[in-house]
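Here the structure is laid out as structure tokens; the discussion comes afterwards.
Numbering (my numbering), first residue to last: 2 to 206.
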């Protein structure tokens, strides 16, 4: 069901070790229309040393996950766009992007889910926009997400333009726990050096 969605915020969230499970960190907030939303990031240590996943769950949105695997994961703070698998509910989401794109629009991540076309575009390091292409029956939706505040009190502000459905909100909030650096040229250069440094550490370990 598509619905008009009022702005909402996601604040820093951390669940400490429970019965020997790894700590869970991420973001949590409540949407008036979609209820409580929790975004988490786990992995990169212990038994999950070579696997890291961001996940989102909520009462009125489908569960979604963004997962990466590989030796480089041990040196990450969040899953990256490289070699990732994205799922919404029980469906795999196809992803593609132009790694050589010059502009932020050209470097955007394009996704296809349940016949809908999405585009995730960076505005800058702290802001991004998810849009779903419209058709003859639905004009589409645009969701702007912005990180604000100071360390210890940061939050993501989520603003929706158009009528959103659960999958729209799930995808938009999921990427708060994903490293989006490769969506900008400057961020991509930084990511290359981080991967190279992590590779050296792995070889020498």
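Idealized CB from N, CA, C, for every residue including glycine.
N-terminal and C-terminal residue of the alpha helix (DSSP H) that residue i is part of
i, result
"residue 169", "167-175"
Element boundaries [beta strand (DSSP E), containing residue i]
i, result
"residue 207", "Outside the shown range of the chain, which is 2 to 206, sits residue 207, and nothing can be said about it."
"residue 144", "142-149"
"residue 32", "25-32"
"residue 12", "9-16"
"residue 88", "85-89"
Whole-angstrom C-beta distance between residue j and residue i, which should lie under 8 Å
i, j, result
"residue 129", "residue 176", "7 Å"
"residue 82", "residue 123", "So it is not a contact: roughly 11 Å between Cβ atoms."
"residue 54", "residue 67", "7 Å"
"residue 161", "residue 179", "About 19 Å; that fails the 8 Å criterion."
"residue 60", "residue 37", "6 Å"
"residue 114", "residue 92", "7 Å"
"residue 164", "residue 4", "6 Å"
Residue i versus residue j - alpha carbon distance
i, j, result
"residue 50", "residue 77", "10 Å"
"residue 152", "residue 12", "11 Å"
"residue 109", "residue 174", "17 Å"
"residue 94", "residue 125", "24 Å"
"residue 57", "residue 69", "15 Å"
"residue 157", "residue 182", "17 Å"
"residue 29", "residue 104", "31 Å"
"residue 42", "residue 65", "12 Å"
"residue 112", "residue 121", "8 Å"
"residue 169", "residue 148", "19 Å"
"residue 238", "residue 2", "Nothing in the structure corresponds to residue 238, since the chain is present only between 2 and 206."
"residue 135", "residue 84", "28 Å"
"residue 172", "residue 132", "10 Å"
"residue 99", "residue 186", "11 Å"
"residue 7", "residue 101", "36 Å"
"residue 150", "residue 14", "15 Å"
"residue 116", "residue 44", "31 Å"
"residue 10", "residue 25", "19 Å"
"residue 139", "residue 145", "19 Å"
For residue i, the residue or residues it bridges with in DSSP
i, result
"residue 38", "30 and 59"
"residue 101", "Looking at the DSSP assignment, residue 101 forms no beta bridge with any residue, so it has no partner."
"residue 156", "12 and 149"
"residue 109", "Bridge partners of residue 109: none, in fact."
"residue 68", "54 and 86"
"residue 94", "87"
"residue 134", "DSSP, once it has assigned bridges, lists no residue as partnering residue 134."
Where residue i falls: helix, strand or coil (DSSP)
i, result
"residue 79", "coil"
"residue 186", "helix"
"residue 115", "coil"
"residue 178", "helix"
"residue 3", "coil"
8 Å Cβ cutoff, residue i in contact with chain C
i, result
"residue 143", "Within the model displayed, chain C is absent; a lone protein chain is all it includes."
heavy atom of the ligand COA below 7 Å from residue i C-beta
i, result
"residue 113", "The ligand COA is not among the ligands present in this structure, which contains no ligands whatsoever."
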